[in-house]
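Heads up: the sequence lines are chains A and B, in that order.
Just so we're aligned: the first sequence equals residues 43 to 350 in the working numbering.
Just so we're aligned: the second sequence equals residues 18 to 274 in the working numbering.
Below: the structure, in structure tokens.
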Amino acid sequence: MTPALSLRNLTKVYKNGITALHGIDLEVAPGDFFALLGPNGAGKSTTIGIVSSLVNKTSGTVQVFGHDIDTDLAAVKACIGLVPQEFNFNIFEPVVEIVVNQAGYYGIPRRLAFERAERYLNQLGLWDRRHDQARLLSGGMKRRLMIARALVHEPRLLILDEPTAGVDIEIRHSMWSFLSEINAAGTTIILTTHYLEEAERLCRNIAIIDNGRIVENTSMRQLLSRMSSHTLVLDLVRPLDAVPDLHGFVTSRIDDHTLEVEVSRDANINTLFAALSAQGIEVGSLRNKTNRLEELFIRLVGNKEDVA
Amino acid sequence: MNGREQYVAFKAILVKEVLRFTRIWIQTILPPMITTALYFVIFGRLIGSQVGDVHGFRYMEYIVPGLILMTVITNSYANVVSSFYSSKFQHNIEEMLVAPVPNYLILIGFIGGGLARGLAVGVAVTVVALFFTPIPLHSLWVACSVLVLTSVLFSLAGFINGIYAKSFDDISVIPTFVLTPLTYLGGVFYSVAMLPPFWQSVSLANPILYMVNAFRYGLLGVSDVNLAVAYAAILGFIAGLFGVALHLLNRGHGIRS
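Right, dumping it as structure tokens:
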């Protein structure tokens with residue numbers, strides 16, 4: 043099957059001499075929901091920029107649904123919808139005009155463009171604001187406007203560069219549902235995000251890029267299964283004076299009412315609770331110390347402070 | 018993109034550009050009308066009444082073609098340079114760059130916007146001029162063709178300025194230090210025949226002189242320059258600037274890293 047996206051030995055050296063990409067190879071299957079993660083400056087936006095033809099590559103090949111960016115650029119562009127990291131619309135234009143004009147650039151007649159604009163703006167909760175200038179929208183609304191604009195020509199490949207940055211939790215969840223529906227309907231999605239929970243929840247496959255090199259490229263399930271252990275935070279009902287000895291578990295006391303327990307991948311969590319009960323320790327609630335993907339991510343990219 | 022899709026894309030860019038300057042008509046259409054009215058009051062009526070006929074026309078009549086063309090030049094240029102640079106500055110030029118619309122259509126779309134504003138302002142200023150003096154029409158074809166070609170030429174120049182501009186200061190440098198002096202010294206307010214021989218020769222190196230005089234020929238039937246030379250100069254500049262603008266756009270100068 044022809045991949046939705048195929049990158050071969052893709053290299054980018056900027057004029058200032060900085061090498062942003064060191065010959066990366068990447069393949070995204072059609073219909074996939076794919077996460078492209080990496081620290082700031084790792085090369086994610088450069089990769090997306092090259093694929094969407096906003097950045098000139100130095101060498102290598104890029105193919106989108108079999109169309110080569112060097113020989114069939116118009117067909118490549120017609121396949122892609124881009125939601126960039128930064129707001130890049132004219133803030134003085136009305137919302138509906140931004141979407142309809144974008145359709146026009148793809149050769150979609152105005153009447154059909156209006157029909158699609160109405161559909162996507164409705165789905166993204168912006169139809170009531172269609173006559174407002176874009177500058178009057180909230181940050182979350184501006185992000186949704188960029189999604190509507192990217193979808194108006196009904197692309198086969200949707201690229202989202204941090205689409206939920208600065209968006210509140212409620213809107214973020216509704217955007218996740220919307221994107222899942224779009225993906226279920228057949229659109230391939232490539233996502234970069236600062237929220238690793240988002241990638242874990244939405245994406246089936248993942249690549250991690252660091253210093254312009256792909257350091258991991260696998261399925262989300264396989265990646266998460268590599269975790270040898272994860273840390274649970276237990277909120278206790280009664281205060282605890284000392285660290286309890288829970289056989290088989292590394293335990294640390296954070297304060298009177300909080301314990302951290304490292305649970306290995308093979309351990310049975312019932313054993314942990316049995317050990318706690320045996321010592322009369324009652325647990326009010328528990329949670330993961332960090333997102334599982336976040337833990338793996340930090341390990342893979344060298345425990346950098348500035349992540350995703 | 019097939020022909021029909023390209024037409025739709027061109028129309029989308031053109032409509033966007035026209036809506037842009039009509040939405041802010043108080044900044045784009047009204048000021049040149051007021052400025053031109055002041056020119057007519059001061060240069061035409063107050064000072065002009067002290068000046069004799071030029072080439073057989075009252076001074077007020079003589080300066081009408083130059084004032085109309087000067088307005089068309091500055092507005093065509095300003096429209097494209099500000100629109101293109103703003104698109105770069107706000108990154109919304111990317112809306113077009115990610116779409117399959119060919120670069121030459123992007124260029125023609127922006128030029129169409131400059132032409133639309135140039136002509137809209139040209140018509141508005143002509144209406145203002147009619148309040149002060151009747152305007153003869155010697156050759157409709159010459160007047161219209163020179164007006165359109167001049168507007169296209171300066172729209173192209175504005176586009177190139179917009180491509181190279183890295184700040185808002187950069188989009189005002191050329192209009193202030195190049196365009197305005199060349200326009201004022203391009204025979205808008207005088208005939209080059211009134212200059213000493215040396216300055217007549219120097220004036221012939223000013224391309225705007227040819228445009229002003231060709232347009233003046235269209236309205237009044239008098240010109241300081243040969244009409245064929247004027248057309249050749251205008252068309253030559255258009256061809257050259259179009260080639261440069263398209264080359265820069267294809268290379269992604271200032272818009273692709």
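Heads up, the beta-carbon is just placed ideally off N, CA and C, and yes, glycines get one too.
All of these numbers come straight from a predicted model, not from anything done at the bench.
Identified DSSP bridge partners for residue 304/A: Looking up residue 304/A in the first sequence gives position 262. In the DSSP output, where bridge partners are listed per residue, residue 304/A has 273/A, 292/A.
Span of the beta strand (DSSP E) around residue 115/B: Here residue 115/B refers to the residue found at position 98 when the second sequence is read from its first residue. Counting along the chain, residue 115/B falls outside any beta strand (DSSP E), and DSSP gives it neither H nor E.
CB-CB length for residue 94/B against residue 172/B, believed under 8 Å: Counting from one through the second sequence, the residue named residue 94/B turns up at place 77. Counting from one through the second sequence, the residue named residue 172/B turns up at place 155. About 7 Å separates the two Cβ atoms, so the contact holds.
Residue interval of the beta strand (DSSP E) (run including residue 105/A): Along the first sequence, read from residue 1 onward, the residue named residue 105/A stands at position 63. It spans 101-106 - the beta strand (DSSP E) in which residue 105/A sits, taken as one unbroken run.
Within-8 Å CB hit, residue 13/B to chain A: Here chain B comprises residues numbered 18 to 274, so residue 13/B is not present and cannot be evaluated.
Cut-off 7 Å between Cβ atoms - residues of its own chain near residue 68/B, not counting five sequence neighbours on either side: Reading the second sequence from its first residue, position 51 is the one you call residue 68/B. So the list reads 76, once near-sequence residues are dropped.
Near-chain B residues of the segment 86-115 of chain A (beta-carbon distance less than 7 Å), N- to C-terminal order: 94, 95, 96, 97, 98
Member of 67/A, 53/A, 73/A whose CA lies at the smallest distance from the CA of residue 98/A: Numbered from its first residue, the first sequence carries residue 98/A at position 56. When each option's Cα is compared against that of residue 98/A, the closest is 53/A.
Cα-Cα separation, residue 172/A to residue 298/A: Position 130 of the first sequence, counted from the start, is the residue given in the question as residue 172/A. Position 256 of the first sequence, counted from the start, is the residue given in the question as residue 298/A. Those two C-alpha atoms are separated by around 54 Å.
Same chain, Cβ closer than 8 Å to residue 209/A, neighbours up to 5 away in sequence not counted: Position 167 of the first sequence, counting from 1, holds the residue named residue 209/A. 181, 182, 185, 217.
Chain-ordered chain E contacts of residue 269/B [CB-CB under 7 Å]: Any reference to chain E falls outside this structure, whose protein chains are A and B.
Chain B contact for residue 338/A (CB, 8 Å cutoff): If you number the first sequence from 1, residue 338/A lands on position 296. False, the Cβ-Cβ gap to chain B never drops below 8 Å.
Endpoints, alpha helix (DSSP H) assigned at residue 206/A: Here residue 206/A is taken as the residue at index 164 of the first sequence, counted from 1. Unbroken run through residue 206/A: none, as it is neither H nor E.
CB of residue 142/B within 8 Å of CB of residue 88/B, strictly: For the purposes of this step, residue 142/B is identified with residue 125 of the second sequence, where counting begins at 1. For the purposes of this step, residue 88/B is identified with residue 71 of the second sequence, where counting begins at 1. In contact: residue 142/B and residue 88/B (Cβ atoms closer than 8 Å).
First through last residue of the beta strand (DSSP E) which encompasses residue 330/A: The residue labelled residue 330/A in the question sits at position 288 within the first sequence. That run of the beta strand (DSSP E) goes 325-330.
Interface positions of the segment 106-117 of chain B facing chain A (Cβ-Cβ less than 9 Å), listed along the chain: 107, 108, 109, 110, 111, 112, 113, 114, 115, 116, 117
Contact with chain A by residue 34/B, beta-carbon distance below 8 Å: Looking up residue 34/B in the second sequence gives position 17. Chain A, which has no Cβ nearer than 8 Å to the Cβ of residue 34/B, makes this no.
Sub-8 Å separation of residue 275/B and residue 96/B beta-carbons: Coverage of chain B is limited to positions 18 through 274, which leaves residue 275/B absent and any answer about it impossible.
Cβ shell of residue 235/B (< 7 Å), same chain only, five flanking positions each side left out: Here the question's residue 235/B lines up with position 218 in the second sequence. Cβ within range, chain order: 155, 156, 159, 160, 163.
Neighbourhood of residue 112/B by C-beta distance below 7 Å, restricted to the same chain and skipping five residues each side: Translated into the one-based positions of the second sequence, residue 112/B becomes position 95. Contacts found: none.
Contact set between the segment 114-132 of chain A and chain B, restricted to residues whose Cβ is under 9 Å from the partner: 115, 116, 117, 118, 119, 120, 122, 123, 124, 126, 128, 129, 130, 131, 132
Residue nearest to residue 53/B in terms of C-alpha spacing, selected from 40/B, 250/B, 140/B: Translated into positions along the second sequence, residue 53/B becomes position 36. Taking only the C-alpha atoms, the option nearest residue 53/B is 140/B.
Where residue 348/A sits in the DSSP three-state scheme: Translated into the one-based positions of the first sequence, residue 348/A becomes position 306. Interpretation of residue 348/A is limited by its pLDDT of 42, a score under 50 that renders its predicted location unreliable; the figure taken from the coordinates is listed afterwards. If DSSP states are grouped into helix, strand and coil, residue 348/A belongs with coil.
Three or more C-beta pairs below 8 Å linking the segment 190-201 of chain B and the segment 47-65 of chain B: no
For residue 58/A, three-class secondary structure by DSSP: Position 16 of the first sequence, counted from the first residue, corresponds to residue 58/A. Reduced to three states, the DSSP call for residue 58/A is coil.
Endpoints, alpha helix (DSSP H) assigned at residue 187/B: Numbered from its first residue, the second sequence carries residue 187/B at position 170. From DSSP, the alpha helix (DSSP H) with residue 187/B extends over 187-191.
Under 8 Å by beta carbon: chain B residues contacting residue 144/A: For the purposes of this step, residue 144/A is taken as residue 102 along the first sequence, with counting starting at 1. Going along chain B in sequence order, the residues near residue 144/A (Cβ under 8 Å) are 112, 116.
Same chain, Cβ closer than 8 Å to residue 87/A, five either side skipped, listed in chain order: Along the first sequence, read from residue 1 onward, the residue named residue 87/A stands at position 45. Counting only Cβ-Cβ distances below 8 Å, and skipping sequence neighbours, we find 127, 203, 234.
Collapsed DSSP secondary structure at residue 91/A in the structure displayed: As a first step, residue 91/A is located in the first sequence; it is residue number 49 there, counting from the start. Reduced to three states, the DSSP call for residue 91/A is helix.
Residue 196/A, DSSP secondary structure in three states: Translated into positions along the first sequence, residue 196/A becomes position 154. Coil.
Distance CB(residue 100/B)-CB(residue 130/B) smaller than 8 Å: Looking up residue 100/B in the second sequence gives position 83. Looking up residue 130/B in the second sequence gives position 113. Cβ atoms of residue 100/B and residue 130/B: closer than 8 Å.
Beta-carbon contacts of residue 73/B that lie in its chain and below 8 Å, excluding the five residues immediately before and after: Residue 73/B sits at position 56 when you count from the first residue of the second sequence. Closer than 8 Å at the Cβ level, and outside the excluded window around residue 73/B, lie 239.
Residues of its chain near residue 347/A, where Cβ-Cβ distance is below 8 Å and the 5 sequence neighbours each way are ignored: Translated into the one-based positions of the first sequence, residue 347/A becomes position 305. Any answer about residue 347/A is weak, because its pLDDT of 43 lies below 50 and its placement is not dependable; what the coordinates show is given next. So the list is empty, once near-sequence residues are dropped.
Three-state secondary structure (DSSP) of residue 231/A: Walking along the first sequence from the start, residue 231/A turns up at place 189. Strand.
Assigned secondary structure, residue 22/B (DSSP; H/G/I helix, E/B strand, else coil): Along the second sequence, one-based indexing puts residue 22/B at 5. If DSSP states are grouped into helix, strand and coil, residue 22/B belongs with the helices.
Beta carbon of residue 254/B nearer than 8 Å to that of residue 124/B: Within the second sequence, numbered from 1, the residue matching residue 254/B stands at position 237. Within the second sequence, numbered from 1, the residue matching residue 124/B stands at position 107. No, they are not a contact pair.
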